[in-house]
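Per the working numbering, the sequence shown starts with residue 336, numbered consecutively. What follows is a set of notes on a single structure, which appears directly below.
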Amino acid sequence: MNNVTKVIHIDEISKYFYQIMTFLQKISYLCTQYYQFMASHNELGKWGEEVAADYLLRQGYTIMERDWKSGHRDLDIIALDGDTVVFVEVKTRSNRVFTDPETAVDYQKIRHLQQAANHYIKYRHIDKDIRFDIITVVGTMDNNYDVDHIKDAF
Numbered sequence: 336m337n338n339v340t341k342v343i344h345i346d347e348i349s350k351y352f353y354q355i356m357t358f359l360q361k362i363s364y365l366c367t368q369y370y371q372f373m374a375s376h377n378e379l380g381k382w383g384e385e386v387a388a389d390y391l392l393r394q395g396y397t398i399m400e401r402d403w404k405s406g407h408r409d410l411d412i413i414a415l416d417g418d419t420v421v422f423v424e425v426k427t428r429s430n431r432v433f434t435d436p437e438t439a440v441d442y443q444k445i446r447h448l449q450q451a452a453n454h455y456i457k458y459r460h461i462d463k464d465i466r467f468d469i470i471t472v473v474g475t476m477d478n479n480y481d482v483d484h485i486k487d488a489f
């Protein structure tokens with residue numbers, strides 16, 4: 336009888352081990368999907384910044400800096416429009432199903448952009464007028480996209 340109890344105990348352990356392994360496989364799959372999504376998301380964002388920079392150049396702007404870092408904050412594009420330094424936040428989305436991309440520039444994001452811009456102005460000794468713009472790129476990388484430029488956004 337003692338041996339039967341041990342066999343049942345081992346069967347239960349095997350059952351739990353199988354359940355744990357199945358659970359870990361699901362977690363591994365979800366992590367892989369998440370990392371693939373984030374890689375795709377980051378690729379879309381970089382593409383959107385390229386589109387925005389090209390757009391600004393076609394509009395006669397001079398690109399001064401791209402992806403300028405101030406600690407953990409960054410400025411996507413810093414451009415010159417005549418005598419005005421323009422800090423451009425680029426928001427890229429594949430569609431407008433959930434919300435417009437510019438709504439992602441909330442109060443906290445604006446504050447961070449202003450802090451990074453202040454650092455840039457001091458670091459580069461800028462003595463010009465400044466402006467904050469938002470450029471949204473909505474669409475796909477197969478040349479099917481829309482660009483909206485919101486000047487003096489905040």
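Ideal placement from N, C-alpha and C gives every residue a C-beta, glycine not left out.
How far does the beta strand (DSSP E) with LYS404 in it extend, from its first residue to its last? First-last of the beta strand (DSSP E) with LYS404: 397-405.
Simplified DSSP assignment, three categories, for THR357: The answer is helix: DSSP assigns THR357 an H, G or I state.
Can you list, in chain order, the residues of its chain with a C-beta nearer than 8 angstroms to that of ASP409? Leave out the 5 residues immediately preceding and following it. Spatial neighbours of ASP409 in its own chain (CB-CB distance under 8 angstroms, excluding positions within 5 residues in sequence) are listed in chain order as ASP402, TRP403, ALA451.
Does the segment 459-471 come into contact with the segment 416-433, if we say contact requires no fewer than three beta-carbon pairs (one atom in each stretch) closer than 8 angstroms? Yes: at least three Cβ pairs fall under 8 angstroms.
ILE413 and LEU391 - do their beta-carbons sit closer together than 8 angstroms? No, the pair does not count as a contact, with Cβ atoms beyond the cut-off.
Exposed unless 16 or more other CB atoms sit within 10 angstroms - verdict on GLU378: The residue in question, GLU378, is exposed, as its Cβ has fewer than 16 Cβ neighbours within 10 Å.
Which partner residues does LYS426 have in the DSSP bridge list? Bridge partners of LYS426 according to DSSP: THR471.
Rounded separation between ILE465 and ALA488 - CA only: Approximately 12 angstroms between the Cα atoms of the pair.
Relative to the C-alpha of THR475, which candidate in GLY417, HIS447, ARG431, TYR353 has its C-alpha closest? The residue with the shortest Cα to Cα distance from THR475 is ARG431.
Less than 8 angstroms between C-beta atoms, sequence neighbours within five positions excluded: which residues of the same chain meet that for ALA439? Non-local beta-carbon contacts of ALA439 in its own chain, meaning distances under 8 angstroms to residues more than five positions away in sequence, involve LYS426 in chain order.
First and last residue of the beta strand (DSSP E) that includes HIS447? Taken as a continuous stretch (DSSP letters only), HIS447 belongs to no beta strand (DSSP E), being part of the alpha helix (DSSP H) at 442-459.
Can VAL420 and ILE445 be called in contact, C-beta distance under 8 angstroms? No, the pair does not count as a contact, with Cβ atoms beyond the cut-off.
Could you tell me the distance, in whole angstroms, from the CA atom of GLU347 to the CA atom of SER429? Going from the Cα of GLU347 to the Cα of SER429 covers about 48 angstroms.
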